[in-house]
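> Mind looking over this structure? Questions follow.
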Amino acid sequence: MVKTPALPLTSTHWGTYRAKVTNGCVQALLPFELDQDPSPIGPGILDVQHGPMRIDMPMIRKSWLEGKAGQSTDLRGREPFVAVSWAEANRLVADELTRVRRDFGNQAIYGGSYGWASAGRFHHAQSQLKRFLNCIGGFTSSKFTYSFAAAEAMVPHILGSFRAYLDTCTSWEVIRDHTQIFVCFGGVPLKNGQISQGGTGCHIQRDALLAAGGAGIEIINVSPIKSDVLEEVGAEWLPLRPNTDVAMMLGLAHTLQVEGLTDQAFLDRYTQGFEDFLPYLMGEQDGIAKTADWAAEICEIPAETIRGLARRMAAQRTMISLSWSLTRQDHGEHPFWMGITLASMLGQIGLLGGGFGFGYSAMNYIGGKFKSISGVSVPQGKNPVENFIPVARISDMLLNPGQPFDFDGEEYTYPDIKLVWWAGGNPFHHHQDLNLMMQAWQRPDTIIVNEWCWNSLAKHADIVLPCTTPMERADIAITPRDPYVIAMAKLTEPFAQARDDYEIFAGIAGAMDVAEAFTEGLSAADWQRQIYDQTINRAHKDGIEMPEYDRFLEKGWFKLAEPARPTVMLEDFRADPAANPLSTPSGRIEIFSQTVADFGYTDCPGHPLWQEPYEWLGNGADYPLHLISNQPKEKLHSQLDHGSVSKASKVAGREPLHMHPDDALMRGLKTGDLVRAFNNRGACLAGIVVDPAMRPAVVQMSTGAWYDPDETGLCKHGNPNVLTRDKGTSKLGQGPSAHSCLIEVELFTGPAPSVTAHAPPTILRPCPDNDLMEKT
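Using our numbering, the first residue of the sequence shown is number 65, and each one after it goes up by one.
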């Protein structure tokens with residue numbers, strides 16, 4: 065019998081798929097046979113892979129091409145592009161880089177280029193960009209992520225590291241077998257669990273949560289959105305006011321302390337500084353005891369419910385889950401700090417089924433049982449430029465060159481940026497206060513992007529270099545966040561003149577006489593083999609066996625062996641804190657941090673505390689609705705917003721806005737209505753969904769709709785980041801604080817404006833028979 069060859073594989077952040085390819089065209093993406101809960105996002109690329117939004121040639125903004133760098137920057141996003149050859153594009157980019165470096169220095173180039181790009185170890189856009197920029201003298205970079213920047217800055221002061229514990233949360237298997245009460249601050253949203261950065265072989269979160277519920281675990285959803293926990297598990301819903309998690313945790317902590325339920329022996333042996341925190345908790349420091357009654361006034365969860373929950377948590381094996389979203393609010397450093405403090409008072413850290421974890425279902429891998437493999441990446445080289453910004457301070461940097469800023473105990477200065485280069489991301493998706501950002505976006509002389517489709521970033525650039533999609537190139541999906549390693553096959557030829565990022569940078573490197581330094585004489589296939597072989601060597605040292613490269617390519621995938629025992633976070637520390645100290649000054653969990661206290665930040669003192677957010681329902685007279693702009697379920701961030709899966713989720717052609725029935729009735733709204741959401745920063749249109757799963761006075765509108773402003777700044781398509789405020793969480797973390805946002809919503813009257821987010825810009829192309837240009 066002749067064995068039928070398996071369909072080729074490709075990998076994405078939201079899943080692995082087998083591709084049906086006919087005559088060089090991808091007809092279907094079928095879920096990987098071992099994926100028990102595949103994401104529906106994948107097929108969304110099929111109808112746009114060769115659609116009208118693809119960028120087919122290098123494009124230059126008309127005024128930039130006709131004038132000089134910095135010409136008519138206010139026309140970004142509002143004027144035609146001119147199609148040019150790759151040779152001309154390479155020359156223009158090389159000349160502009162040379163000018164900026166000569167006249168202003170390499171620190172005038174911003175290459176932070178935040179974003180998720182695509183799965184695949186070699187064709188990772190940001191790695192290719194940073195390698196290239198380092199070959200020509202470096203660039204101003206960025207630190208941390210939009211996902212949890214406040215935690216990245218704060219948690220190392222508490223535990224000695226953040227990433228080490230993010231990737232080693234207690235396994236779901238342990239929770240199922242040993243946890244009795246699972247308290248989820250911010251919920252456990254399965255829509256987020258579709259995703260895992262770098263690739264996903266098999267989705268585990270749904271089955272894990274169902275197994276936990278089936279084991280009889282009490283699951284407590286502490287969130288203003290009931291659907292933040294899967295309905296089937298029957299979670300108890302505590303719909304607190306947004307941004308008040310710390311106040312509720314303090315009320316729980318106060319109850320533990322006054323009722324003698326605190327594990328003082330654990331605090332004495334494993335923590336430092338509880339005695340410095342206690343006067344604040346008991347009110348000796350500021351005259352306000354943080355009682356359950358005090359907390360109830362702030363979070364609007366009844367005091368008896370808070371006291372009862374504290375007693376249940378002390379009496380049972382308790383796991384506290386802290387959603388990443390908690391960090392994206394004003395003073396976002398404190399929810400994780402207070403959550404760790406609360407877990408320390410319970411004294412169950414390091415025990416089976418007890419303690420805390422960061423973001424169960426925030427990504428697919430959290431709580432998984434697998435050995436982590438540290439794959440080799442494209443070497444980026446050394447960046448000799450020391451300038452950087454906290455990732456979410458890009459508008460501040462562009463608007464305030466030469467001005468100082470505080471960050472994690474130090475003072476720095478914003479550089480004067482003349483050129484921005486973005487590859488593999490979309491700041492018009494993830495950044496806040498887009499009207500302010502539009503002002504900042506006019507400041508650089510030149511903005512270059514590598515992009516495959518005409519999204520909002522490409523439309524607001526000066527130079528657009530068309531790149532391939534993952535289906536148009538071969539790669540390897542290796543990530544420390546998933547046990548599957550996938551050989552990503554090249555499924556179809558590149559669209560029109562699109563090039564791999566590696567080829568794009570190699571061409572420009574050639575125009576700048578650094579081609580050898582950038583490529584090292586290797587093809588993309590050579591690099592992939594080298595990356596894999598070096599990963600084998602690294603894995604072998606960690607006791608992990610991998611097949612040799614050609615065997616791997618032949619089968620198309622392999623799965624790392626499961627460890628003998630599931631993970632229990634901080635188990636070794638619990639067993640022997642002297643032999644396994646934390647990387648903190650004390651070697652213990654720092655409930656009070658002298659280091660942080662010495663920074664002298666009034667917005668982030670030396671222990672966790674409640675500080676009133678700049679916007680919340682406690683001060684919402686002008687704008688009475690609290691907006692939660694969370695992650696979408698039909699796409700990853702803004703990727704594939706123009707695809708069929710995302711489009712099918714739109715309401716009235718816009719991003720849906722979920723609202724409690726009482727709030728809808730008060731405004732005369734019903735499901736399907738076109739509404740205007742607004743505050744003093746901006747406005748956008750949305751489609752109403754009346755939803756009893758929302759807490760009253762809270763509305764939810766996911767990010768990801770491509771920014772589509774009219775002449776007044778109204779986003780016609782429904783990007784909620786025209787409403788959010790661009791303010792750092794504190795001087796310590798400087799993370800985004802998008803979830804501290806108040807708005808109002810009203811019925812939109814008059815003719816509905818056309819959505820143009822999914823239409824390409826006007827393009828001028830040279831006529832083959834004369835010197836004139838034609839529009840397309």
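In this text, a Cβ means the ideal position worked out from N, Cα and C, and glycines have one as well.
So, at 7 Å on beta carbons, what are the nonlocal neighbours of residue 552 in its own chain, with the 5 sequence-adjacent residues on each side left out?
Within the sequence shown, the letter at position 488 stands for residue 552. Correct list, in chain order: 73, 74, 75, 184, 534, 538, 539, 540, 541.
> With a CB to CB cut of under 7 Å and the five nearest residues on each side skipped, what residues in its chain are close to residue 191?
As a working mapping, residue 191 is identified with position 127 in the sequence shown. For residue 191, where only same-chain residues beyond five positions count, the Cβ hits under 7 Å are 441, 442, 444.
> Just list the residues that DSSP pairs residue 336 with in beta bridges.
Walking along the sequence shown from the start, residue 336 turns up at place 272. DSSP, once it has assigned bridges, lists 654 as partnering residue 336.
> Between the alpha carbons of residue 675 and residue 474, how many angstroms are there, rounded?
To locate residue 675, count along the sequence shown from 1; it is residue 611. To locate residue 474, count along the sequence shown from 1; it is residue 410. Computed Cα separation, rounded: 22 Å.
> With H, G and I counted as helix, E and B as strand and the rest as coil, what does DSSP make of residue 297?
Counting from one through the sequence shown, the residue named residue 297 turns up at place 233. Residue state, collapsed to three classes: helix.
> Starting from residue 699, trace the beta strand (DSSP E) in both directions and tell me its first and last residue.
Here residue 699 refers to the residue found at position 635 when the sequence shown is read from its first residue. Run containing residue 699: none; DSSP gives neither H nor E here.
> Quick one: give me the first and last residue of the beta strand (DSSP E) that residue 79 is part of.
Translated into positions along the sequence shown, residue 79 becomes position 15. Taken as a continuous stretch (DSSP letters only), the beta strand (DSSP E) holding residue 79 covers 79-86.
> Pull up the distance between the alpha-carbon of residue 510 and that of residue 160, whole angstroms please.
Translated into positions along the sequence shown, residue 510 becomes position 446. Translated into positions along the sequence shown, residue 160 becomes position 96. The alpha-carbon atoms of residue 510 and residue 160 are separated by roughly 8 Å.
> Applying the 10 Å Cβ sphere with the 16-neighbour rule, what's the burial state of residue 748?
Here residue 748 corresponds to residue number 684 of the sequence shown, with the count starting at 1. So residue 748 counts as buried.
> Where does residue 691 land, buried or exposed, given buried means 16+ other C-beta within 10 angstroms?
Counting from 1 along the sequence shown, the entry for residue 691 is found at position 627. Buried, because 16 or more other Cβ atoms sit within 10 Å of the Cβ of residue 691.
> Look at the alpha carbon of residue 414 and the alpha carbon of residue 639, and state the distance between them as a whole number of angstroms.
Counting from one through the sequence shown, the residue named residue 414 turns up at place 350. Counting from one through the sequence shown, the residue named residue 639 turns up at place 575. When rounded, the distance between both Cα atoms is 8 Å.
> Flag this pair as yes or no: are the beta carbons of residue 383 and residue 432 separated by less than 8 Å?
Here residue 383 corresponds to residue number 319 of the sequence shown, with the count starting at 1. Here residue 432 corresponds to residue number 368 of the sequence shown, with the count starting at 1. Taking 8 Å as the Cβ cut-off, residue 383 and residue 432 do not qualify as a contacting pair.
> Quick one: give me the first and last residue of the beta strand (DSSP E) that residue 494 is part of.
Numbered from its first residue, the sequence shown carries residue 494 at position 430. No beta strand (DSSP E) holds residue 494; the alpha helix (DSSP H) holding it covers 491-494.
> In chain order, which beta strand (DSSP E) runs of at least 3 residues are fully inside the stretch 345-412?
For the stretch 345-412, whole beta strand (DSSP E) runs of length 3 or above, ordered along the chain, are 382-386.
> Quick check for students: name the residue ranges of the alpha helix (DSSP H) that lie wholly in the stretch 539-616, counting only runs of 4 or more.
List check, alpha helix (DSSP H) in window: 565-575, 579-583, 588-605.
> Check residue 750 in the structure and name its three-state DSSP category.
Residue 750 sits at position 686 when you count from the first residue of the sequence shown. Residue 750: strand per DSSP, three-state reduction.
> Work out the CA separation of residue 425 and residue 807 for me, nearest whole Å.
As a position in the sequence shown, residue 807 is number 743, starting the count at 1. As a position in the sequence shown, residue 425 is number 361, starting the count at 1. Cα-Cα distance, rounded: 28 Å.
> Tell me, which residues are paired with residue 766 by DSSP?
Along the sequence shown, one-based indexing puts residue 766 at 702. Note: residue 766 sits in no beta bridge, so no partner.
> Can you list, in chain order, the residues of its chain whose CB lies under 8 Å from that of residue 199, leaving out five sequence neighbours each side?
One-based indexing of the sequence shown puts residue 199 at position 135. Excluding residues within five positions, the ones whose Cβ falls inside 8 Å are 445, 573, 578, 581, 582.
> Check whether the Cβ atoms of residue 210 and residue 456 sit closer than 8 Å, and answer yes or no.
The residue labelled residue 210 in the question sits at position 146 within the sequence shown. The residue labelled residue 456 in the question sits at position 392 within the sequence shown. Cβ atoms of residue 210 and residue 456: closer than 8 Å.
> Would residue 352 be called buried (16 or more neighbouring beta carbons within 10 Å of its own) or exposed?
As a working mapping, residue 352 is identified with position 288 in the sequence shown. Counting Cβ neighbours within 10 Å, residue 352 comes out exposed, since fewer than 16 surround it.
> Let's test the definition: count the other Cβ atoms within 10 Å of the Cβ of residue 218 and tell me whether it reaches 16, buried, or not, exposed.
Position 154 of the sequence shown, counted from the first residue, corresponds to residue 218. Buried.
> Looking at C-alpha atoms only, which residue of 513, 545, 561, 571 is the closest neighbour of residue 32?
Residue 32 is absent from the model: the chain starts at 65 and stops at 840.
> Taking the straight line between their C-alpha atoms, what separation do you get for residue 658 and residue 344?
Here residue 658 corresponds to residue number 594 of the sequence shown, with the count starting at 1. Here residue 344 corresponds to residue number 280 of the sequence shown, with the count starting at 1. When rounded, the distance between both Cα atoms is 16 Å.
> Just verifying my parser: in three-state terms, what is the DSSP assignment at residue 319?
As a first step, residue 319 must be located in the sequence shown, where it is residue number 255. Three-state result, residue 319: helix.
> Is residue 325 closer than 8 Å to residue 392 when the C-beta atoms are compared?
Here residue 392 refers to the residue found at position 328 when the sequence shown is read from its first residue. Here residue 325 refers to the residue found at position 261 when the sequence shown is read from its first residue. No; because the gap between Cβ atoms is not below 8 Å, this pair is not in contact.
> Per DSSP, what kind of secondary structure is residue 513 in: helix, strand or coil?
For the purposes of this step, residue 513 is taken as residue 449 along the sequence shown, with counting starting at 1. Strand.
> On the criterion of 16 or more Cβ atoms from any shown chain inside 10 Å, does residue 503 qualify as buried, or is it exposed?
Mapped onto the sequence shown, residue 503 falls at position 439. Residue 503 should be labelled exposed.
> Could you say which of 95, 272, 225, 827 lies nearest to residue 235 if we only look at CA atoms?
In the sequence shown, the residue the question calls residue 235 occupies position 171. The candidate whose alpha carbon is nearest that of residue 235 is 272.
> Measure the alpha-carbon distance for residue 785 versus residue 284 and round it to whole angstroms.
Counted from its first residue, the sequence shown places residue 785 at position 721. Counted from its first residue, the sequence shown places residue 284 at position 220. Roughly 30 Å between the two C-alpha positions.
> Out of 97, 566, 412, which one is the CA nearest neighbour of residue 377?
Locating residue 377 in the sequence shown gives position 313, where the first residue counts as 1. Per the Cα distances, 412.
> Assign residue 829 to one of three DSSP states: helix, strand, or coil.
By one-based count along the sequence shown, residue 829 stands at place 765. Strand at residue 829.
> Under 8 Å between the Cβ atoms of residue 770 and residue 818?
Sequence index remark: in the sequence shown, residue 770 carries index 706 (1-based). Sequence index remark: in the sequence shown, residue 818 carries index 754 (1-based). No, they are not a contact pair.
> Starting from residue 285, follow its DSSP beta bridges and name the residues at the other end.
Within the sequence shown, residue 285 is the residue found at index 221, counting from 1. In the DSSP output, where bridge partners are listed per residue, residue 285 has 248, 301.
> Assign residue 94 to one of three DSSP states: helix, strand, or coil.
By 1-based counting over the sequence shown, the position of residue 94 is 30. Residue 94: strand per DSSP, three-state reduction.
> Quick check: residue 791 and residue 624, are their CB atoms within less than 8 Å of each other?
Here residue 791 is taken as the residue at index 727 of the sequence shown, counted from 1. Here residue 624 is taken as the residue at index 560 of the sequence shown, counted from 1. No, these two residues do not count as a Cβ contact at 8 Å.
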